[in-house]
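Residue numbers for the sequence shown follow full-length UniProt numbering, so the first one is 1 and each next one is one higher.
C-beta atoms are modelled at their ideal positions from N, C-alpha and C, and glycine is treated no differently.
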Amino acid sequence: MRTLKLYGLLATLTLLGLSPAYAQNPFITNQFTADPTARVFGDRVYVYPSHDIRATPGHGRAGWFVMEDYHVFSSANLTDWMDHGVIVTQNKVPWVKPDSYSMWAPDCIFRNGKYYFYFPSTPRDTTVSKGFTIGVAVADKPTGPFVPQPLPIKGVRGIDPNVLIDKDGQAYLYWSQGNIYGAKLKDNMLELADEPKTLGELPTKGLKEGPYVFERKGIYYLTYPHVENKTERLEYATSTSPLGPFTVKGVIMDESPTGCWTNHHSFLQFKNQWYLFYHHNDLSPKFDKNRSVRIDSLSFAADGSIQKVKPTLRGVGLTDARQKIQLDRYSRLSERGAAIAFLDTANTFQGWKTVFAGNSGWVQYNGVAFGQQKLKTVSLRGASTAGATLQIRLDNATGPVIAEVAVPKGTWHEVKAPIMAFKPGTHALFVAPKSQAPVEVDWVRFE
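What follows is the structure in structure tokens.
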């Protein structure tokens with residue numbers, strides 16, 4: 001019954017023009033996404049990212065960031081994500097230059113029964129402002145339809161808008177342009193209430209951008225990407241006031257080990273757990289202007305300092321055993337005998353595969369929810385040049401063997417095997433070849 005409900009949901013989403021996604025990193029794999037702002041509205045999490053696309057002749061600048069619209073994604077559990085489609089596009093905003101392809105990092109906030117979507121872009125009228133400015137679109141629902149205001153916010157020049165509504169109800173707008181700025185907003189959320197203030201207590205060396213401000217236990221956290229060396233790392237400063245003065249405290253996430261130039265983020269508390277939303281160029285490893293959004297858990301020390309976050313491929317949340325489990329988004333991978341590769345380097349949106357060179361390699365995937373109802377078979381999509389057998393254990397390398405799956409010789413096959421011993425609850429999967437022959441795995445699913 002649950003499988004039928006899942007298939008019914010997927011069919012409904014397709015009819016509505018919506019796309020599902022799941023909870024490994026990156027958690028959106030049907031398009032490039034970056035700069036994710038995550039918000040809780042009602043009982044769902046909504047993510048408002050920017051939308052990277054490839055430049056084509058006459059459409060954007062080759063070798064640079066190219067963005068023409070915004071999507072919004074939502075989830076009730078941080079595991080199953082729904083794409084609600086385009087909410088704002090450059091050629092339908094009165095003040096935006098329609099061929100600028102500069103719809104960069106946005107934010108969205110709820111106030112007075114309305115949803116206010118803040119976004120930067122290049123103005124059509126350069127006599128009003130040269131460079132970027134920031135506008136607002138307003139909706140009755142978090143998924144829109146959003147109606148853009150006819151003009152951008154007066155007195156604001158820059159990118160990366162972020163809004164904080166303080167405990168006393170006062171709203172603040174933050175943005176960046178060389179420095180990071182902040183100002184009070186009027187109650188209408190569309191105009192500044194005072195002159196912008198430069199938040200000048202931050203590092204002076206290197207680029208600073210992408211502010212995200214939140215309050216926790218009386219401490220105001222100003223978090224931001226900063227190029228200390230060659231690429232951005234995520235840092236933070238704290239204050240007892242929304243506009244500072246701030247004191248630099250440390251690093252939230254180190255520079256990308258693979259050289260992705262940018263990172264851009266938001267913080268979210270959901271069901272008593274804090275999360276960091278950020279991006280990396282997982283689906284475009286050779287071109288870091290096409291990014292993809294990720295989530296990882298984070299925590300605070302007793303003194304309020306942020307514990308440094310180590311990026312993961314596994315991401316957060318549980319994976320239903322009845323869904324396709326992407327082992328390549330592993331929790332642990334052996335140093336030898338196992339590797340990850342794209343299924344198709346010409347179409348990276350197809351995702352990855354786990355490649356075993358022989359029986360010395362293994363992969364572990366944590367957080368698989370088997371439920372209580374007994375499952376009888378395991379399905380696997382695999383390929384092997386000579387034919388191979390894969391062994392699936394629960395929890396770790398010495399855990400009980402629940403299935404052995406024979407992958408026939410040849411290209412990709414979907415094969416099934418009986419489950420030898422079912423254990424209800426949530427477990428890790430430990431998968432390793434039983435034979436010496438090389439074998440590749442796309443996904444595993446239980447039924």
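query: Beta-carbon gap between Leu375 and Gln24 smaller than 8 Å; result: no
query: Classification of Phe32 by the beta-carbon crowding that lies within 10 angstroms, buried from 16 upward; result: buried
query: Reference residue 492, options Thr354, Glu235 and Gly361, closest by Cα; result: Nothing can be reported for residue 492, as the shown portion of the chain is limited to 1 through 447.
query: CB of Gly367 within 8 Å of CB of Thr398, strictly; result: no
query: Exposed unless 16 or more other CB atoms sit within 10 angstroms - verdict on Gly158; result: buried
query: Identity of the residues DSSP links to Gln364 by a beta bridge; result: Arg332 and Phe430
query: Lys184, enclosing beta strand (DSSP E) - first and last residue; result: Asn179 to Lys184
query: Chain-order list of residues whose beta-carbon lies under 7 Å from that of Thr89 (same chain, five-residue window excluded); result: Glu68 and Asp69
query: Span separating the alpha-carbon of Asp328 from that of Thr389; result: 18 Å
query: Within 8 Å, strictly: CB atoms of Gly438 and Gly358; result: First, the amino acid is wrong: residue 438 is Pro here, not Gly. For Pro438 and Gly358, yes; Cβs fall inside 8 Å.
query: 8 Å Cβ cutoff met for Asn77 and Phe349; result: no
query: Closest by C-alpha distance to Leu202, when choosing among Glu191, Met189 and Leu222; result: Leu222
query: Alpha carbon of Thr56 to alpha carbon of Thr345, nearest angstrom; result: 20 Å
query: CA-to-CA distance, Ile165 to Phe267, given in whole angstroms; result: 14 Å
query: Beta-carbon separation (whole angstroms), Lys114 vs Ala139, contact threshold 8 Å; result: 7 Å
query: Span separating the alpha-carbon of Thr426 from that of Phe370; result: 6 Å
query: Exposure label - Asp125; buried when at least 16 CB within 10 Å; result: exposed
query: Inter-stretch contact at 8 Å, needing at least 3 Cβ pairs: the stretch 142 to 156 / the stretch 184 to 194; result: yes
query: Assigned exposure category for Lys130 - 16 Cβ within 10 Å defines buried; result: exposed
query: Ser241 - partner residues in DSSP beta bridges; result: For Ser241, which the question treats as bridged, DSSP gives no partner whatsoever.
query: Cβ pair Pro211, Trp175 closer than 8 Å; result: yes
query: Sequence-distant residues of its chain with Cβ nearer than 6 Å to Ile53 (five each side left out); result: Val66
query: C-alpha distance - Gln364 paired with Ala338, whole-angstrom precision; result: 11 Å
query: Bridge-paired residues (DSSP) for Arg157; result: Thr133
query: Identity of the residue in Val431, Glu414 and Tyr46 nearest Met82 by Cα; result: Tyr46
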